[in-house]
Amino acid sequence: MIANSVLRGKIYRLLQFIVVACVFIIPFIKTSNGNSLFRFDVATLQLFAFNGIVNFASFFSAFIAILLVTFLFIFTTQLLGRIWCGWLCPQSFFAIRIESYAKKFKNKTIRFIAELIFAAIFSLLLTVIWMMYFVSPYDFIETLKNSHLMLIIGIVLFLFIFVDFAFVRFKWCKYVCPYSKFQVVMTDDDTLYVGMIPGKDSQCIDCKACIRVCPTHIDPRKNPDADCIYCETCVTACNQVFHKKDNTNGILGYVWGKSDKLNLKRPNLIVTFIISVTLFFVLIYSIVSTSEPVMINTVGNISSLGNGVYTCNVEIKNNLDKPVRIKFINPDNLAEITPETVRVYIQSTKTETITINTKGEIPSGVLTIEAYYDRNTPPLKFDVNIK
Ligand code: SF4
Ligand code: SF4
């Protein structure tokens, strides 16, 4: 039994580290189409997910996606309470680490400095990773150099997280986090919580070890409490007490609500589940019906090579399940475009540098370029500004 509880604690910590490692690695993993495994690209309003491209150019799709995430969150909270806080929330993950690493320093001033240093390191890490879910990690430095807006967002985000990690930590979970306020109305008598295992209260020796270690300063024996973040620290502390006392397991753990039985036949849970499933299918339908098979955008500025010759980068996204050959022409016959054709593989994105030779004959202005990829489909059009 003891072995089980120790093993469970180790699995819990291992799982936390695996989740955090995944969060850090995912933006760097490229799928066969050259995009991140999972990333929302702000430049193109597209979600890259497991080799697929979800086009959020449509406001309706984005709205449905936000609703779906909200309902999934409500569903998870109704069933599992604040499991997000203890198992997945980066705020509590890093706050717990900062406190436990800094605790090793006995001197108060050194401990405070250590807290600040850990807070700065973790804030920087989190800021960079968070931004890499919106900007390609491979263009990250370049984007910061070129976009003042992204740089400002990064600095503001870093300062915000730093202040939180350095000075606020669990006060955020208890007093500020909007999720903790909402979850009070989402949970019910059958929701999972961390607290006294039913029938074991008489074994409590009132040592208060669980209260001393609780980061949100509540009494775990009186749970469910809206301030509990499911960090399991009290469970570990109680296990240690009972291990020392008589080599048995502690009396705190996960409890399935008042009856301590998993109950899925709850009207609120069923309604949220039905809404989530419906929203999921509406989202799929809206994405499939609104996504463009092929998309072309110019990237960056056009450069002049002199003598009426210009170059610019175009990004071509092929959302089709077949490769396409794009043919560029200027419909007014004012310029020659090279290369004349570009091949783009299945479900992939390609950036190509095209050369526009106006033979010095057209005045400055906008030049329209047409791109054909299918005989039966009207061409895609994009404009380049010739200066
Ligand atoms: S009661 Fe236990 S699980 Fe809840 S916050 Fe306190 S220590 Fe963590
Ligand atoms: S650590 Fe366990 S025994 Fe000690 S007060 Fe808490 S619940 Fe009771």
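Take the sequence shown: its position 67, counted from the start at 1, is 1221 in my numbering, and no numbers get skipped.
Glycine included, every Cβ here is placed at the ideal spot set by N, Cα and C.
Quick check: the Cα distance between residue i and residue j, rounded to an integer number of angstroms?
i, j, result
"leucine 1416", "glycine 1308", "43 Å"
"threonine 1492", "asparagine 1467", "12 Å"
"methionine 1304", "phenylalanine 1312", "12 Å"
"serine 1246", "aspartate 1293", "30 Å"
"alanine 1320", "glutamate 1253", "10 Å"
"valine 1498", "proline 1477", "6 Å"
"valine 1339", "arginine 1420", "15 Å"
"glutamine 1542", "valine 1367", "This structure leaves residue 1542 out entirely; the chain is present only between 1155 and 1541."
"valine 1409", "valine 1177", "28 Å"
"valine 1330", "valine 1322", "10 Å"
"serine 1430", "aspartate 1342", "19 Å"
"cysteine 1385", "threonine 1432", "33 Å"
"isoleucine 1372", "serine 1190", "42 Å"
"asparagine 1261", "glutamine 1394", "26 Å"
"leucine 1161", "valine 1317", "35 Å"
"phenylalanine 1434", "leucine 1222", "7 Å"
"lysine 1398", "isoleucine 1405", "14 Å"
"phenylalanine 1324", "phenylalanine 1225", "26 Å"
"arginine 1265", "isoleucine 1271", "10 Å"
"phenylalanine 1204", "phenylalanine 1288", "16 Å"
"serine 1334", "phenylalanine 1227", "12 Å"
"threonine 1426", "isoleucine 1450", "39 Å"
"lysine 1184", "valine 1174", "18 Å"
"serine 1290", "proline 1181", "7 Å"
"valine 1448", "glutamate 1506", "15 Å"
Decide if residue i is buried, meaning its Cβ has at least 16 other Cβ atoms within 10 Å, or exposed.
i, result
"threonine 1231", "buried"
"tyrosine 1347", "buried"
"isoleucine 1295", "exposed"
"lysine 1535", "exposed"
"cysteine 1364", "buried"
"glutamate 1446", "exposed"
"methionine 1155", "Reliability of the predicted coordinates at methionine 1155 is poor, the pLDDT of 48 falling under 50, and no value is obtained from them."
"lysine 1471", "buried"
"alanine 1273", "buried"
"glycine 1454", "exposed"
"isoleucine 1480", "buried"
"arginine 1193", "buried"
"asparagine 1473", "buried"
"valine 1538", "buried"
"arginine 1236", "buried"
"phenylalanine 1217", "exposed"
"aspartate 1486", "exposed"
"serine 1389", "Checking the sequence, you will find valine at residue 1389 rather than serine. Buried: at least 16 other Cβ atoms inside 10 Å."
"threonine 1531", "exposed"
What residue range is occupied by the uninterrupted beta strand (DSSP E) comprising residue i?
i, result
"glutamate 1524", "1519 to 1526"
"aspartate 1195", "1192 to 1195"
In the DSSP assignment, find the alpha helix (DSSP H) that holds residue i and state where it starts and stops.
i, result
"valine 1338", "1332 to 1340"
"leucine 1270", "1262 to 1286"
"valine 1478", "No alpha helix (DSSP H) contains valine 1478, which is instead part of the beta strand (DSSP E) from 1478 to 1483."
"glutamine 1394", "1387 to 1400"
"phenylalanine 1321", "No alpha helix (DSSP H) holds phenylalanine 1321; DSSP gives it neither H nor E."
"isoleucine 1365", "1363 to 1367"
"tyrosine 1255", "1244 to 1256"
"isoleucine 1237", "1237 to 1241"
I'd like to confirm the pairing. Which residues does DSSP put opposite residue i in its beta bridges?
i, result
"valine 1436", "According to DSSP, valine 1436 bridges with nothing at all."
"serine 1290", "Serine 1290 is not bridged to any residue."
"tryptophan 1410", "Leu1346"
"methionine 1449", "Lys1471"
"glycine 1460", "Val1463"
"valine 1496", "Ile1480"
"asparagine 1511", "Val1463 and Glu1490"
"aspartate 1537", "Thr1522"
"lysine 1299", "Answer is none; lysine 1299 lacks a bridge partner."
"lysine 1504", "Ile1470"
Is residue i near ligand 3, judged by its Cβ being under 6 Å from some heavy atom?
i, result
"isoleucine 1438", "For the structure depicted, ligand 3 is absent and the ligand set comprises only ligand 1 and ligand 2."
Could you name the residues, in chain order, whose CB is less than 6 Å away from a heavy atom belonging to ligand 2?
-> Cys1358, Ile1359, Asp1360, Cys1361, Lys1362, Ala1363, Cys1364, Arg1375, Ala1391, Cys1392, Val1395, Gly1404, Ile1405 and Leu1406
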